[in-house]
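Residue numbers (this note's numbering), protein chains in the order written: chain U, 24 to 342; chain P, 28 to 544; chain A, 42 to 370; chain L, 2 to 334.
Worksheet: the structure to be examined is printed underneath.
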Amino acid sequence: MNSILDTFRSDGLRQWLPLATLVILVVLVGAFQPAFLVVNTLLQLASDTAVLFILATGVTFVIMLGGIDLSIQSMASLSSVVVALTLSRFGYGAFAFAFGLGALAGLLSGIAHVKLRIPSFIATLAMGGVLYSAALVTSKERSITLGESERAYLGWITGTVFGIPNVVLIGLIVLVIAHILQSRTRFGRYSAAIGAGEPAAYASGVKVDRQKVIAFVLSGACAALAGIVLVGRLASGSPTLASELLLPSIAAVVVGGTAITGGVGSIWRTLVGALIISVVRIGMTFLGVNIFAQNIVFGVVLVAAVAITIDRSKIPIVK
Amino acid sequence: MSGPIIRPAPPGSGTPPALALVHVDKRFPGVHALKNVSIEIRPGEVVGLVGENGAGKSTLMKILSGVYQPDSGDIRLNGSKTRFVSASDAMSQGIGMVFQEQSLLTNLTVGENIYLGNEAQFTRFGIVDWRALYAAASRQLAKVQIDADPRTRAEDLGFAARQMVELAKALTLEENAPGHLVILLDEPTSVLERAEIDILFARVRALSARASFIFVSHRLDEVLELSDRIYVMKDGAVVADLVAADANVTQLHHLMVGRSLQAEYYREPLQRPFRDEVVLELDNLSHQGAYREIGFQLHAGEILGIAGVIGSGREELTRTLAGFAPHDGGKLRISGKEVKLRTPAEAVDIGIGYIPRERRVEGLVLFLPVAANITLGDLGTLTRHGLIDTREEKRLAQEWVQRLKIRTPGINTLCLNLSGGNQQKVVLAKWLNARAKILILDHPTRGLDVGAKEEVYELIRAVTAEGVAVILTSDTLEETIGLSHTVLVMRDGAITHRVGAEPGHKPQQVDLIGHMV
Amino acid sequence: RPAFAADKPTVVNSIRSLSNPYHATWNKGGAAFAKSVGADYVTLVTEGNSEKGIADIKAILAKTGGNAVINVDPNDSPDARPIVEAAKAAGAYVVTQWNKPADLHPWDHDPNYVAHISFSGVPYGKAMAETLIKKMGGKGGIVALGGIESNVPAIERKKGLMDALAANPDVKLLDYQVANWSATEALDKTNAWLTQFGDQINGIWAANDDMALAAIEALRADGRAGKVPVTGIDGIQLAVEAIQKGELAGTVAWDPYWQGGMGLAIGYAAKTGGFDPSKEPKEHREFYGKGVIITADNAQEYYDGNIASEPKMDWNDIWGRVTGQIQYD
Amino acid sequence: MTIDASLSSSQAAKPAPRRRWRIAAWAPLIVLVLLCGLITLINPNFLTFGNMVRISQAAMIPLVLGLGATFIILMGSIDLSVEGGLTLSAVILSMLVLNGANSNAFGVFGILIVLLVGAGVGFANGVIHVRLKIPSFMVTLGMWFVGVGAANALLGGMAIRINDPMIRSLAIERFLGFPWGVWLALFCLLIALVIQNYTRLGRYIYALGGGEDLAALSGIPVGRVRILTFTLAGVFYAVGGVLAAAQLGLGNAQIGTGRLFTTVTAVVVGGTALSGGQGSVLQTLVGVLIVVVLSNGMVLMGVPPSVQIGVQGLMIIAAVALSIDRKRMRIVK
Ligand SMILES: Nc1ncnc2c1ncn2[C@@H]1O[C@H](COP(=O)(O)OP(=O)(O)OP(=O)(O)O)[C@@H](O)[C@H]1O
Ligand SMILES: Nc1ncnc2c1ncn2[C@@H]1O[C@H](COP(=O)(O)OP(=O)(O)OP(=O)(O)O)[C@@H](O)[C@H]1O
Ligand SMILES: [Mg+2]
Ligand SMILES: [Mg+2]
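Structure, rendered in structure tokens:
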């Protein structure tokens, strides 16, 4: 993780702002409710953020390139349905199957986007519709509860290692892989270049289309993984299992300070963003904020957080 | 180190300068861009401003036009202290600017661009009278002798035409602002051909009764031709103030760079005969509506200059070779193998590097650091086991920054923050680093100062000596002739003339011009 | 001593949102019960997001150290299991309503999982269909608006509708469309039907009141409000008023006020030692509550007793509305 | 140094004026017509006057919302506060005019107040976005939560029936066969067209979308234009709120649910680029009609509910693929 430190050092203090925001929020909630600062609560918080983070990681790849993926929530739900339906037959293979399906769906949206030249907003919105329909049809419009024997396959999601929930570890593995992909591979570099200046990247010989498709594949795969983790957490699959996770995921990316217009951002920022969202949400519950005021507080705090986290020196034109 | 400060004759009269900077300082993160700069522009005067890339010329101009605010020091307008809070504020006080990089909005029409921000005069009850606006825009275009329909979208105009439109836009100040005007021209000529330059100069002279000008250019002869007085900048400070009539190119060059101009500017003694190996061969290559039946061979180590006016097809031909617009007739062979280049990626993969004219759009990813831009064309070789070797990347980037004398606070600085000339060096570094076998250079020294140009020429010589082949289209015929082994002249899409340009046997410019028009 | 060690358990309602009258009323019932026992009252909303719903409940469990009673309408049936497991681990008591997996039973999680309450959608969906058919004179064509396809109540209510249709061969189901419980979608679907079927539509069955009221508005814009009978389900205030005006033929009141309060009351009684869940019969652990069918005949009476004035509930009568053990097929 | 005796050319600066008729500009309209034809083949009822009226009813709210969103998107920003602004407006309206919950009866003043509320929401978006330099995505996302949250807090979760006959007449009373609401929406379209084509604001919106830094160099008061545009969009959303309240005859906090994505989809399907600078409100009209006709057609063609959304997605892809002007859009994001 040497290069994380590099990232920090190279841009000085500003890089630390997202993390500082997170820490301040945690301390703030903890100051009023000491129960919040208990290790178990924090671990709980981390587990509860895992799915959001995995989804947000996938969409970060796409946002870095300047696109958007609106199909992630349907993909996650479909993945949960697929796992629930096939677990008894394929065993662990069901997870791989769902994962592959996610990558495939991402491939299709990516191809529709680059080959038909359809804005990613539309291509993935439409793909989301297709995936939702697929989930409804395959599940026969019901949620599918896993039996005792099938639940045995979920240990790798539901268990703990040395007291740390496996979902947290899964999230960490995703973090490390995604971080390496983004900061150390050609794909990551090309993504940033395309997001920051597509014509120049194109003229420099970057295979723009290919990088875009890869980003969508990664996004689809992450969404499928998020769906798999949801199956573990809920011991069921359902075509609406991941409902209402799309916007929070995108918000997590933006709250971390990644530019929604592309080019600037990173996975660790997304992690911080996802955690900020969780902390604010759960924090409000801990602090007992009036339920009618919660939406308002949530909105205001998110905006305030972004005001601190985004790096305006790299995003001179804030759109 | 700095050259001698040469004082011109003292101001003739008691009239205050039209515009002056007094002890102005400006810093950017890591850069002290202007150091205690004082200059003055008298009414009706044309002041030339020269200096190396990154010397601070554009920064100075932007302070004068309200785009930046000085950290300290004053701006004086007609002798009294003033502040420009924004570009529009400066404009309303009679100061207009033509920017170094193109600033037309390509999604708007030419007419809309010309009056952008100044529509009020055509507006009644909030409704814009477009007919009146376009009629007025037509008149502005006539001033710079462009006969374009003002309803054309700017993106449909050529590069040079856009530059003239920008000029027309700055000239609207004539009608829009009362009193004396100051018009700032930041490298307006770098993309213009002589004919347009003449139009521009004539316009400047005609306006001198009402306006003063500051003229920035790296073409020192032009500066001498147009200006009354010349300021020389170096490292953010004004080091000399000369009367143009008494100055010459050599002297300016010396003041700017701190050493004398090489007698052999194009390094002709370094020009080596090229090799026999044919790296690129065109056989009746055609592209409908652009060029037709082009045939030539390019050898390893050869520099092939293509001369031609805009519309001669040389742009399109270079774009084809760079992979942007595949040919639709004839054959293209690279190292003996027939190919069709469908994307720049395909061109890059077989060793072609392209330095485009629109540096900020296609040349550089402005929002990426210098290092990332330098390695962008050749990340493959930096990749070990799928991971980029960042240490090696850093080393390479530092090496290129040193070799090409790229002036930057560091390799992690965004290219956005580099001066135009230094940006161009980064583009060059990118292809040198990618070890391109064929370099397509589209105006490679555009915006480079004389010193930097020398360095670039030397670099081009060095790589050709190693066997890299170069196709060159350039701002000036002089450069084309000076650098090339062979010069092709194109007109109306076809080759009209081809001539060898071995040292000692360089063709004359007039000979070539005859085949161009 | 940490703040969570208060003696009285905190009582918690977890519902979908507070932006619909049904759950808003639920919330009022919960507040009324909390007040009656003097306990701290917390409302949580899922906003349709299962992860959020579960995380919020876990947060409350952490905050109270498990000294809580939770009455939850899970966002989706799968959510019930992790909620119950978390509550059990923390020592809290939980009552679920409407949604849970069929193989998750209170008696497998004694004593913390006190009860599951539902309302069989089948008989009430059927009753509404019958009300509609009666109003139509026993024959003609109807169209039907369904809820979110994977929701258990949507599935059950639809089944009730189908049962009624099977028993009335003269009534033809022209089309069934899903409008996701949403008024806006129902309005658009009904509009499209008015084009497609025109006068063939003699009645509209809707799986909830929001959609039914939207259908009425579509009819009104077409000049046909009050002429084509419509039924809803849920018993919200505007629906009862629409019945009084003669535009809605019927609805079913689940009495969310009762659900919000009694769910807590049952859990609270168990938590505070009022009864031992593990000793209760299964029909007290997984039972159907009682819905009230409202038509023009009893609308006024229902309005006066439940809407015009705050309903009076006996929170000690915890088994008063048990109408039988839930059957899974 | 010799004086550069360079080349001269009279054509150099002379561009070939390109004013040829672009078929691509008409493609979305052609797609719309094809779509209508297809649906009519399957169900001839589609082409009846009655259905045209219903389509117009279904289109009026998306159109008004789309007008506001188009301006924002043309500017290169995004506005997620559509539902927030609409919901808050509808709810406040329901509390101000003759209603079933209180004794207010402000009538037409109620509408004016609501338009001001919408303007206020938009203004807040703009000011926060511009002054604090926060991306519009985040500001308007926050405003979405705030708007819906405030509406919710005002109502406490209940719904308020609207009894004001004037408001109701927007949905019920007709002129030339179309409800007044449709005429109101068309009036909004007209205003939007005038703003887009004949005012400085309209031009500046395009300029900002084309390149904000360059626009600033031309002296355009960039911040003011942004704030004004967000305010304008807020007013359009408020009109949408009035229409929604009129259509459902009530105000509640769920009245806006699902409208954001329909709105943005319609704008993008119409061909306005999310990157800004390209597009128009007329294209949005076509986009809205495509989206509305599609969902109306789904029902008319008897597509089974569970696959409707998927089929609709595929058809939208087809529609956009057929109608996108590939020449213009070198970069598609
Ligand atoms: N001048 C240009 N500037 C920027 N983008 C352009 C330009 N011309 C075309 N494009 C578009 O940019 C994208 C670049 O993708 P590119 O063709 O380089 O990838 P690719 O080589 O096709 O990838 P793959 O090999 O996986 O198919 C294409 O969609 C192309 O149409
Ligand atoms: N916005 C900025 N942020 C940071 N540094 C800047 C910025 N603009 C200019 N600089 C730096 O200030 C110095 C002066 O730049 P300037 O653009 O004025 O040079 P110039 O004389 O116009 O050069 P050129 O001839 O290449 O155009 C350079 O070192 C440049 O890198
Ligand atoms: Mg390709
Ligand atoms: Mg400059």
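Even for Gly, the Cβ is constructed at its ideal location relative to N, Cα and C.
Bear in mind that the values here come from a model prediction, so they are computed numbers and not experimental data.
| Check | Outcome |
| --- | --- |
| Proximity to P:Trp157 [Cα-Cα], best of L:Arg162, L:Thr49, L:Asn198, L:Ala320 | L:Asn198 |
| Spatial distance of A:Met354 from A:Ala100 (CA atoms) | 30 angstroms |
| DSSP-derived helix/strand/coil call for L:Trp22 | Note on L:Trp22: pLDDT 48, under 50, position unreliable in the model; no value is reported. |
| Counted within 10 angstroms of its Cβ, other Cβ atoms place P:Gly93 as buried (16 or more) or exposed | buried |
| Any C-beta of chain P under 8 angstroms from that of U:Val240 | no |
| Distance cut-off 7 angstroms: P:Thr216 Cβ against heavy atoms of ligand 2 | no |
| Residue ranges of each beta strand (DSSP E) within the region 185-272 of chain U, 3 or longer | none |
| DSSP-derived helix/strand/coil call for L:Met302 | coil |
| Other residues of its chain near L:Phe47: CB distance less than 6 angstroms, five sequence neighbours each side excluded | Ile40, Thr41, Leu301 |
| L:Trp22 classed as buried or exposed, judged by whether at least 16 other C-beta atoms fall within 10 angstroms | Reliability fails at L:Trp22, whose pLDDT of 48 lies under 50, so the model's placement of it is uncertain and the value that follows must be treated cautiously. Exposed. |
| Beta carbon of L:Gly257 nearer than 8 angstroms to that of L:Leu87 | yes |
| Minimum Cβ-Cβ distance from P:Phe126 to chain L less than 8 angstroms | yes |
| DSSP-derived helix/strand/coil call for U:Ser172 | helix |
| Rounded straight-line distance, which links the Cα of L:Val282 to that of L:Ile325 | 16 angstroms |
| Contacts around P:Glu389, its chain only, beta-carbon distance under 6 angstroms, and the 5 residues preceding and following it disregarded | Pro383 |
| Backbone CA spacing between P:Pro56 and P:Gly81 [nearest angstrom] | 14 angstroms |
| Cα-Cα separation, P:Gly527 to P:Gly350 | 27 angstroms |
| CB contact check: L:Ile221 to chain P, cutoff 8 angstroms | yes |
| Buried or exposed (CB count within 10 angstroms, at least 16 for buried), U:Trp39 | exposed |
| Under the three-state DSSP convention, the category L:Gly259 falls into | coil |
| Those residues which DSSP pairs with P:Gln324 across a bridge | P:Glu308 |
| Nearest-angstrom Cβ-Cβ length linking A:Glu324 and A:Gln366, presumed shorter than 8 angstroms | 4 angstroms |
| Where L:Val109 falls, given that 16 or more other Cβ within 10 Å makes a residue buried | exposed |
| Unbroken alpha helix (DSSP H) run spanning L:Gly85, endpoints | 83-97 |
| Exposed unless 16 or more other CB atoms sit within 10 angstroms - verdict on A:Ala185 | buried |
| Under the three-state DSSP convention, the category A:Asn54 falls into | strand |
| Chain-order list of residues whose beta-carbon lies under 6 angstroms from that of L:Ser320 (same chain, five-residue window excluded) | What sits at residue 320 of chain L in the sequence shown is Ala, not Ser. So the list reads Val32, Ile291, once near-sequence residues are dropped. |
| Residues of the region 113-127 of chain U with Cβ closer than 9 angstroms to any Cβ of chain A, in chain order | none |
| Segment limits, beta strand (DSSP E) that includes P:Met260 | 256-261 |
| Cβ neighbours of U:Gln96 in the same chain (closer than 8 angstroms, five flanking residues each side left out) | Leu78, Gly151, Ala246, Ala265, Ser266, Glu267, Leu268, Leu269, Ser272 |
| Identity of the residues DSSP links to P:Ala267 by a beta bridge | P:Val259 |
| Below-8 angstroms beta-carbon distance, U:Gly311 vs any chain P residue | no |
| A:Ser58 burial status per 10 Å Cβ neighbour count (16 or more: buried) | buried |
| The region 65-81 of chain L / the region 268-281 of chain L touching (three or more Cβ pairs under 8 angstroms) | yes |
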